[in-house]
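*Asks:* Each residue of the sequence shown is one higher than the last, beginning at 271 in my numbering.
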Amino acid sequence: LPGTGKTYVSHRIKDLTDVVLLESDSMRKTLFDPPRYTRSENARLFNGCHAFIQELLNEGMVVIFDATNLIERNRRQLYRISDATGARLMIIKVEASFDIVKKRLEDRINGNPRDDTSDADLLIYYRLRASAEPINRDHFLIDTSMDIGPIINNIADDLRVSAITNE
271 LPGTGKTYVS HRIKDLTDVV LLESDSMRKT LFDPPRYTRS ENARLFNGCH
321 AFIQELLNEG MVVIFDATNL IERNRRQLYR ISDATGARLM IIKVEASFDI
371 VKKRLEDRIN GNPRDDTSDA DLLIYYRLRA SAEPINRDHF LIDTSMDIGP
421 IINNIADDLR VSAITNE
């Protein structure tokens with residue numbers, strides 16, 4: 271969900287590993303000026319991101335896809351890409367306490383984005399939270415309300431081992 275720290279977590283992992291980081295918020299702002307967040311725009315964005323991810327995986331790259339993927343039906347395309355390319359899929363659910371999310375989203379609106387490219391506010395958070403579905407696959411859970419250092423290090427170690435075994 272917005273404000274949980276997905277981009278922060280993605281950057282922390284990227285800083286420790288050799289990965290390509292693809293941020294849906296940045297891609298949206300590159301492709302659509304201004305972004306309108308319509309269904310057709312979302313479809314075009316995610317279709318493009320998925321095609322790019324598949325191309326990078328086919329080239330042997332390790333990819334982090336920083337995106338809000340709350341609906342299982344929408345996650346299935348990533349599962350198919352993983353299966354088609356033989357790439358290992360690592361799913362990370364990022365969450366935080368509501369008080370922290372609320373503060374982060376208020377900071378975002380007040381111009382303190384901390385390198386944030388998202389436009390989501392508290393209203394968007396509530397709307398998206400209502401549509402969130404459980405992840406039906408094994409996944410990591412990172413609560414950014416707490417110290418995330420140890421789990422970030424474990425994930426980075428796991429990614430480095432996976433990259434070595436795939437060479």
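Just so you know, even glycine gets a beta-carbon here, dropped at the ideal spot from N, CA and C.
A quick note: this is a predicted structure, and the numbers were derived from the prediction, not measured.
Can you give the Cα-Cα distance for Leu-327 and Ile-351, rounded to whole angstroms?
*Replies:* The residue given as residue 327 occupies position 57 in the sequence shown. The residue given as residue 351 occupies position 81 in the sequence shown. The alpha-carbon atoms of Leu-327 and Ile-351 are separated by roughly 9 Å.
*Asks:* CB Leu-392 to CB Leu-375, shorter than 7 Å?
*Replies:* In the sequence shown, the residue the question calls residue 392 occupies position 122. In the sequence shown, the residue the question calls residue 375 occupies position 105. Yes, the Cβ-Cβ distance between Leu-392 and Leu-375 is below 7 Å.
*Asks:* Within the continuous beta strand (DSSP E) that includes Leu-271, where are the two ends?
*Replies:* Within the sequence shown, residue 271 is the residue found at index 1, counting from 1. Run containing Leu-271: none; DSSP gives neither H nor E here.
*Asks:* Give me the Cα-Cα distance between Tyr-395 and Gly-273, rounded to the nearest whole angstrom.
*Replies:* Translated into the one-based positions of the sequence shown, residue 395 becomes position 125. Translated into the one-based positions of the sequence shown, residue 273 becomes position 3. So the alpha carbons of these two residues sit roughly 8 Å apart.
*Asks:* Roughly how many whole angstroms lie between the Cα atoms of Lys-373 and Met-416?
*Replies:* Taking the first residue of the sequence shown as position 1, residue 373 is located at position 103. Taking the first residue of the sequence shown as position 1, residue 416 is located at position 146. Looking at the two C-alpha atoms, the distance is approximately 15 Å.
*Asks:* Since Leu-359 is in the beta strand (DSSP E), which residue starts that stretch and which ends it?
*Replies:* Walking along the sequence shown from the start, residue 359 turns up at place 89. No beta strand (DSSP E) holds Leu-359; DSSP gives it neither H nor E.
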